[in-house]
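These notes concern the structure reproduced below.
There are 2 protein chains.
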Amino acid sequence: MQPRIEIRAAGEGDVAFIFAMIRALAEYERSPESVLGSEELLRDALFGERPHAEALVAELDAQPVGFAVFHGTFSTWHCRPGIWLEDFYVMPEHRRFGIGERLFRQVAAIAVQRGCSRLSWTALDWNTPALNFYGKMGAQALDEWTNHRLSGDQLLAVAGSA
Amino acid sequence: MQPRIEIRAAGEGDVAFIFAMIRALAEYERSPESVLGSEELLRDALFGERPHAEALVAELDAQPVGFAVFHGTFSTWHCRPGIWLEDFYVMPEHRRFGIGERLFRQVAAIAVQRGCSRLSWTALDWNTPALNFYGKMGAQALDEWTNHRLSGDQLLAVAGSA
């Protein structure tokens, strides 16, 4: 029998699954200690009064096996919105049947539907399976740029003398 | 006389100035051909019905000399919102008096006011003055990650088979 794959928008009932997957992805990315959030914060961020992101869930035979979390961006060069894919993951034991590709293509389709000029994300330099997949999708690697970040006490210190 | 520096939210009257600065920054970044937007698109994106980004303007003695454009993000690890600084620029002839630092600190202060856990941005690897400034601000360089992007025909192709 053919496996039944469905990609759908996440609902509040998916929060526990998505948070578990965020943990699983962080472990794969060798940063389990970086997960400082909680299901409650995630619920509020996705389904609260002022959502900060959206999520998709991938189902295999009616069981959730993968997810994507994304939010809007803006390109000054294009003066148009874009989408940033923050997390994208399929459970390793279910990586067949092209579930990840279906999920990724759905995010791209949402970007196009919304008039976005770009779909962007970041990938770890040692994550060869992911880099191969993104290459296959025709993605451009922005090798000349390095992301920077202020957080925690550093962010407070810089903000404090504004 | 002390120079008078003011950092303020941009208004619709600043759109022409901001678009000129987007061009100037793109030239400095050796990508003038990448500016495909227009003042009209920028006005709609910043001040239309559904804004995609916000902007600040830096004034020196009541003349605009710099700008910042930013939008919201979301961290799955923190389950909290963040701010992405898309563009940040002060006209070269006015780079004194710490105008850029005031502008940058104001963006950080907005991030803290909004309960963000991160302020993020990307910088060109050869832009030494910028990298030095970000280092002075205590920023962390995410060397292990590379940004990727789908746009134009590649984005349409991936979306098309969703």
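Sequence order for the protein chains is A and B.
51 is the number of the first residue of the first sequence in this note's numbering; add one for each residue after it.
51 is the number of the first residue of the second sequence in this note's numbering; add one for each residue after it.
Where a beta carbon is used, it is the ideal one built from N, C-alpha and C, also for glycine.
In this text, all values refer to a predicted model and were calculated from it rather than measured experimentally.
{"query": "Sorted by chain position, which residues of the same chain lie with C-beta nearer than 7 angstroms to S84/B's C-beta, five sequence neighbours on each side aside?", "result": "A76"}
{"query": "Measure the C-alpha to C-alpha separation of G169/B and A60/A and round it to an integer number of angstroms.", "result": "The sequence shown places Leu at residue 169/B, rather than the Gly named in the question. Distance between the alpha carbons of L169/B and A60/A is about 27 angstroms."}
{"query": "By the three-class DSSP mapping on this structure, what secondary structure does Q204/B have?", "result": "helix"}
{"query": "Output yes if chain B places a C-beta closer than 7 angstroms to the C-beta of I72/A; else output no.", "result": "yes"}
{"query": "Could you tell me whether the Cβ of H121/A comes closer than 7 angstroms to any Cβ of chain B?", "result": "yes"}
{"query": "Measuring alpha carbon to alpha carbon, tell me which residue in R80/A, H128/A, L135/A is nearest A105/A.", "result": "L135/A"}
{"query": "On the DSSP letters alone, give me the boundaries of the beta strand (DSSP E) that L86/A sits inside.", "result": "Neither: L86/A is in no beta strand (DSSP E) and is coded neither H nor E."}
{"query": "List the residues that DSSP assigns as beta-bridge partners of I108/B.", "result": "Note that residue 108/B is Ala in the sequence shown, not Ile. Partner(s): I57/B, G116/B."}
{"query": "Is the separation between the beta-carbon of W195/B and that of L174/A shorter than 7 angstroms?", "result": "yes"}
{"query": "On the three-pair Cβ rule with 8 angstroms, is the region 138-149 of chain B touching the region 115-124 of chain B?", "result": "yes"}
{"query": "Please list, in chain order, the residues of the region 163-182 of chain B that have any C-beta partner in chain A closer than 7 angstroms.", "result": "S167, R168, L169, S170, W171, T172, A173, L174, D175"}
{"query": "Per DSSP, L138/A forms a beta bridge with which residues?", "result": "The sequence shown places Phe at residue 138/A, not Leu. Bridge partners of F138/A: A118/A."}
{"query": "Count the C-beta pairs between the region 180-192 of chain B and the region 149-161 of chain A that are closer than 8 angstroms, then say yes if the count reaches three, no if not.", "result": "no"}
{"query": "Three-state secondary structure (DSSP) at H198/A?", "result": "strand"}
{"query": "Applying a beta-carbon distance threshold of less than 8 angstroms, which residues of chain A neighbour A23/B?", "result": "The displayed coordinates of chain B run from 51 to 212. Any statement about residue 23/B would go beyond what the structure contains."}
{"query": "M141/A CB to nearest chain B CB: under 7 angstroms?", "result": "no"}
{"query": "L86/B: buried (16+ other C-beta within 10 angstroms of its C-beta) or exposed?", "result": "exposed"}
{"query": "Using 7 angstroms as the limit for Cβ to Cβ distance, is G98/A near chain B?", "result": "no"}
{"query": "Would you give the residue range spanned by the alpha helix (DSSP H) that A174/B belongs to?", "result": "The sequence as given places Leu at residue 174/B; Ala does not occur at that position. Here L174/B belongs to no alpha helix (DSSP H); instead the beta strand (DSSP E) covers 168-174."}
{"query": "Let me know the secondary structure DSSP gives T123/A once reduced to three states.", "result": "strand"}
{"query": "Just grab the DSSP bridge partners of I133/B for me.", "result": "G122/B, L169/B"}
{"query": "Following the continuous alpha helix (DSSP H) through N182/B, name the residue where it begins and the one where it ends.", "result": "178-186"}
{"query": "How would you write the range of the alpha helix (DSSP H) that A158/A sits in, first residue to last?", "result": "149-163"}
{"query": "Which residues of the region 184-196 of chain A have a Cβ closer than 8 angstroms to any Cβ of chain B? Give them in chain order.", "result": "Y184, M187, G188, A189, Q190, A191, L192, D193, E194, W195, T196"}
{"query": "With H, G and I counted as helix, E and B as strand and the rest as coil, what does DSSP make of A189/A?", "result": "coil"}
{"query": "From what residue to what residue does the alpha helix (DSSP H) around A76/A run?", "result": "65-78"}
{"query": "Is it buried or exposed for R80/A, if we count other Cβ within 10 angstroms and need 16 for buried?", "result": "exposed"}
{"query": "Rounded to a whole number of angstroms, what is the C-alpha to C-alpha distance between S211/B and F69/B?", "result": "35 angstroms"}
{"query": "From A191/B to P53/A, what distance separates their C-alpha atoms?", "result": "43 angstroms"}
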